[in-house]
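Here is the structure we will look at, set down as C-alpha cells.
Protein chains in written order, with this note's numbering: chain A, 12 to 229; chain B, 34 to 316.
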C-alpha cells in the first residue's frame, strides 16, 4: 500500500501548477474549462470529473496531473463571480475518491478570503472517517493545522493503525504531545498482546515523545 | 457443533459464505447496523439499510436455514456527520420491529462530543424499548474508550447484564466483566482476536458472560472463525458442552433478553421460514 500525496518540498502553489499545466498537452482544454467555471460555476461538476483524462498524464512538481488540474479549477471556482467556498461542499458531496483527494490536497493552496476554513474543516473530518488511506493521508497534510488536537491525534493514530507512513503527517514532531504518546502506548500494548509490532516510524515517534528514563529503558 | 454468530455483517457477504456457514453448523446470526464502508450522506440512506436488515437479509439467510436477527442504531462513526444525526429520529421506528433484538452498534469511534450524544441517546432508547445494547469499542485508544463506554453505560441506568461490550481483548476484558456487562470478542484476522488467543482467554476467565463472534464484514474477515474457535477450544481440552455454551447458549441467553428472539424450527429447511411459528426463544 502506498499513501503518497502530492506536496514535495518546496510545495508549488496553484499559480505555478497552472502555468506549468497550461504549457503542456491539455493546456488549451484547461484554459477553456477555467473560463467556463468562471462564467458558469455549475459547469464545474462535469469539468472537474473530466480533468485527468483531458490532461497529459505525467506529474507536475510531484502532483499527479489530474490533482494539479483539479486544483486549478477549484481556484477558479472559488474566485468566480457566482462561485465561492459553498460550491466546494456540493462538489465534495458528489465527488469520487480521486476528486475528493484532489480537493483535500488543494485545500492548503486555495485562495481564502477567511471563509474557506468553515467549509474545508468538515471535509477533513469526513476524510478522516474514511478507511481510504489516500484520503486519510491527504487530510493530515498542511491543512491539518486547522484540526483541533483531539481530531489530529486520532488522525495520527489512525495512520499507525492503517499502516500509513507517518511521513505524510505535516508538522508531526511539532504537534506530537504527551497525550498522543499515551494513545500510542495503548496501541503498542494491544499489539504486544496480539503478538504484533508497531510500525518502525511509530516506535521512533513514541521514543521521541518518551522522557529520558523511558528512552534509556528502550 | 451448532453456532450462533452474535455479530456478523451478512449484507457484505456472499451466498458462498451462507452455504459454508450453514454447512459448518451456523444456524443463527445477529447482524448489527454499522458503517458500510462508504459514508452515507442522508437519513434516507439509513432507512433503506435498516429496511434491508429487517427485510431482504433475513430472507436471504433463510434460504440457507439460518435465522437472522438485527440490531439497529446510528453507528458512532457516522454520528459525527451532521447530515446523518437525524437518523436518531428514525431509529425508534426500527427498534419496534419484530426481528430487532438490541440497540447497536453504539459506542465510540473517535470519542467526540457528537458520539457522546448519540451513545447516551440510544442507550436511553434501549431502556425505553426494554432492549439489550451492543456497544462497539474503538479501534484507537481502545482501553480508555472501553472505560469511557462503561461510564456511559452506568450513567444511562441500563442493567449492565443487558449490555455487551464488543471487540474486546486481553487488555479490556477485566473491567467489562467487573462492571457486570457481557464481554464480546471478535475473531477477526489481523486487527482483532485469533482463535488461539480466545482459547487462552476462556481458560483464564471461564465461559460465563462471554460472546464470540466473527464480525465478518466488507473487510478481510472470515465468517467461519467462530467455528475455528470452537475447534480450538476442543483441541485445548474444553468439552463439547463448553463449546455449545460459548457458541450457542450464551448468545441465545443474551439476545433472549429482548423477548424477541425467535429460534423456533431453526434447523428446518428454509421453505418453512416465511410463515413460520411465532414461538419465542425455543432452542
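Glycine included, C-beta positions come from ideal geometry on N, C-alpha and C. On a predicted model such as this, the values are computed, not experimentally measured, just so you know.
Quiz item: Does any residue of chain B bring its CB to less than 8 Å from the CB of residue 137 of chain A?
Solution: yes
Quiz item: By a C-beta neighbour count over all protein chains shown, 10 Å radius and 16 as the cutoff for buried, is residue 89 of chain B buried or exposed?
Solution: Exposed: under 16 other Cβ atoms inside 10 Å.
Quiz prompt | Within 8 Å, strictly: CB atoms of residue 288 of chain B and residue 135 of chain B | solution = yes
Exercise. Taking only beta-carbon positions, decide if residue 158 of chain A is within less than 8 Å of chain B.
Key: No, residue 158 of chain A lies away from the interface with chain B (no Cβ there is under 8 Å from its Cβ).
Self-check item: Interface residues of chain B facing residue 128 of chain A [CB-CB closer than 9 Å]
Solution: Below the 9 Å Cβ cutoff, chain B contributes no neighbours of residue 128 of chain A, its closest Cβ being approximately 17 Å away.
Exercise. Give the residues from the segment 126 to 155 of chain B that approach chain A closer than 9 Å (Cβ to any Cβ), ordered along the chain.
Key: 142, 143, 144, 145
Quiz item: Is the CB-CB distance between residue 32 of chain A and residue 66 of chain A below 8 Å?
Solution: Closer than 8 Å, so yes.
Quiz item: If you draw a straight line from the C-alpha of residue 219 of chain B to the C-alpha of residue 228 of chain B, how long is it?
Solution: 10 Å
Practice problem: Report yes if the CB atom of residue 169 of chain B is closer than 8 Å to the CB atom of residue 199 of chain B, and no otherwise. | Solution: yes
Practice problem: Assign residue 200 of chain B to one of three DSSP states: helix, strand, or coil. | Solution: coil
Quiz item: Are the Cβ atoms of residue 34 of chain B and residue 263 of chain B separated by less than 8 Å?
Solution: yes
Exercise. Please report the Cβ distance between residue 242 of chain B and residue 216 of chain B, rounded to the nearest whole angstrom; I am assuming they are in contact, meaning their Cβ atoms lie under 8 Å.
Key: 6 Å
Quiz prompt | Meets three-Cβ-pair contact criterion under 8 Å: the segment 85 to 101 of chain A and the segment 66 to 76 of chain A | solution = no
Quiz item: Helix, strand or coil: which one does DSSP assign to residue 166 of chain A?
Solution: helix
Exercise. Determine, using beta carbons only, whether residue 59 of chain A comes closer than 8 Å to chain B.
Key: no
Quiz prompt | Start and end residues, alpha helix (DSSP H) containing residue 65 of chain B | solution = According to the DSSP assignment, residue 65 of chain B belongs to no alpha helix (DSSP H) but to the beta strand (DSSP E) extending over 59 to 65.
Practice problem: Excluding the 5 residues preceding and the 5 following residue 129 of chain A in the sequence, name in chain order all residues of the same chain whose CB lies nearer than 6 Å to its CB. | Solution: none
Self-check item: Residue from A:109, A:146, A:36, A:217 whose Cα sits closest to the Cα of residue 179 of chain A
Solution: It is A:146.
Quiz item: Counting only beta-carbon atoms, is residue 72 of chain B nearer than 8 Å to chain A?
Solution: yes
Exercise. Using a Cβ cut-off of 8 Å (strictly closer), state whether residue 168 of chain A contacts chain B.
Key: yes
Practice problem: Measure the C-alpha to C-alpha separation of residue 12 of chain B and residue 149 of chain A and round it to an integer number of angstroms. | Solution: Lying before the first or after the last residue shown, residue 12 of chain B is absent from chain B, which here runs from 34 to 316.
Quiz item: Using Cβ-Cβ distances below 8 Å, what residues of the segment 158 to 179 of chain B are close to chain A?
Solution: 172, 173, 174, 175, 176, 177
Quiz item: Buried or exposed: residue 104 of chain B, going by 16 or more other Cβ atoms within 10 Å of its Cβ?
Solution: buried
Quiz item: Under a CB-based cut-off of 8 Å, is residue 204 of chain B close to chain A?
Solution: True, the Cβ-Cβ gap to chain A drops below 8 Å.
Quiz item: Taking DSSP as the reference, what is the three-state secondary structure of residue 183 of chain B?
Solution: helix
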